[in-house]
Amino acid sequence: MFELKITSLNQAVSLSRKWATYTISLLDPGIEGYESIKIPVASHGQKLRRYYFNDITPSEIWNELSYDTENMKMVTSEQIQDILEFTTSLVSSDKLLVHCHAGISRSTAVACGVLCQHGLSPEEAIKHVLSVRKQAFPNKYILKLFDEILGLENQLVVAHREIYRSKFGNF
313 MFELKITSLN QAVSLSRKWA TYTISLLDPG IEGYESIKIP VASHGQKLRR YYFNDITPSE
373 IWNELSYDTE NMKMVTSEQI QDILEFTTSL VSSDKLLVHC HAGISRSTAV ACGVLCQHGL
433 SPEEAIKHVL SVRKQAFPNK YILKLFDEIL GLENQLVVAH REIYRSKFGN F
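Numbers given in the numbering used here equal positions in the sequence shown, counted from 1, plus 312.
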């Protein structure tokens with residue numbers, strides 16, 4: 313199995329150049345317009361993909377009290393499919409860096425899906441992500457999309473719910 317790190321945007325800037333062979337960069341739309349924010353880049357021979365979407369779920373899109381949803385962009389199944397195509401060739405010597413702004417929700421959900429793609433069960437994937445990133449709280453909608461695309465029959469969402477329920481109670 314490849315080596316995995318899940319981080320925030322700030323931590324990813326250095327790791328993408330010095331450590332990772334593959335980087336999945338999950339960014340808020342419009343972030344490149346802010347000069348004060350540094351964004352990871354790949355060094356020679358490294359692979360990097362950027363995806364732009366907010367950390368939201370469909371229920372939040374319709375909840376007027378949650379967010380200013382007019383400018384929000386939700387992840388698409390096409391983006392998830394592209395992530396899977398990008399990571400399909402990972403081998404045991406590779407080092408995968410997955411990051412989002414905080415390293416808590418989008419990045420941990422994507423890491424779970426990629427781990428399932430590479431043979432871990434949904435339960436193993438979530439436990440592995442928790443061992444790599446203690447403050448993980450995967451985005452449920454991203455997990456659902458991986459479930460659908462990988463044909464996991466909702467096992468990833470169920471494993472997430474059961475593991476987090478046993479850890480935190482009902483949430």
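Where a beta carbon is used, it is the ideal one built from N, C-alpha and C, also for glycine.
CB of residue i within 8 Å of CB of residue j, strictly
| i | j | result |
| --- | --- | --- |
| Leu-409 | Leu-327 | yes |
| Ile-318 | His-411 | yes |
| Asn-366 | Lys-385 | yes |
| Ala-437 | Cys-428 | yes |
| Pro-341 | Tyr-363 | no |
| Asn-451 | Ala-421 | yes |
| Phe-314 | Asp-406 | yes |
| Ile-475 | Lys-439 | yes |
| Arg-329 | Ser-355 | yes |
| Thr-399 | Tyr-334 | yes |
| Ile-416 | Gln-447 | yes |
| Leu-321 | Val-444 | no |
Backbone secondary structure at residue i - three-state DSSP
| i | result |
| --- | --- |
| Val-410 | strand |
| Ser-401 | coil |
| Arg-362 | strand |
| Ile-395 | helix |
| Leu-377 | Confidence is the limiting factor: at Leu-377 the pLDDT is only 49, short of 50, which leaves the residue's position unreliable, though a coordinate-based value still follows. DSSP places Leu-377 in coil when its eight states are reduced to three. |
| Lys-439 | helix |
| Ile-336 | strand |
| Leu-462 | helix |
| Val-353 | coil |
| Ile-343 | helix |
| Val-268 | The requested residue 268 is not part of the displayed model; the chain covers only 313 to 483. |
Within-8 Å CB hit, residue i to chain C
| i | result |
| --- | --- |
| Phe-365 | The structure shown contains no chain C; it is built from a single protein chain. |
Cβ distance (whole Å) where residue i is taken to contact residue j below 8 Å
| i | j | result |
| --- | --- | --- |
| Val-403 | Ala-423 | The pair is not a contact, with the Cβ atoms about 17 Å apart (cut-off 8 Å). |
| Leu-338 | Ser-419 | 6 Å |
| Pro-352 | Val-387 | Actually they are not in contact, since the Cβ atoms of Pro-352 and Val-387 sit about 19 Å apart, beyond 8 Å. |
| Leu-457 | Ile-392 | 5 Å |
Run of the beta strand (DSSP E) containing residue i, from where it starts to where it stops
| i | result |
| --- | --- |
| Ile-475 | Unbroken run through Ile-475 is the alpha helix (DSSP H), 467–480; no beta strand (DSSP E). |
| Ser-419 | Taken as a continuous stretch (DSSP letters only), Ser-419 belongs to no beta strand (DSSP E), being part of the alpha helix (DSSP H) at 418–429. |
First through last residue of the alpha helix (DSSP H) which encompasses residue i
| i | result |
| --- | --- |
| Ser-328 | 321–330 |
| Leu-432 | Looking at the DSSP string, Leu-432 is not in any alpha helix (DSSP H), and its letter there is neither H nor E. |
Residues bridged to residue i [DSSP beta-bridge criterion]
| i | result |
| --- | --- |
| Tyr-453 | In DSSP, Tyr-453 forms no bridge with anything. |
| Ile-318 | Val-410 |
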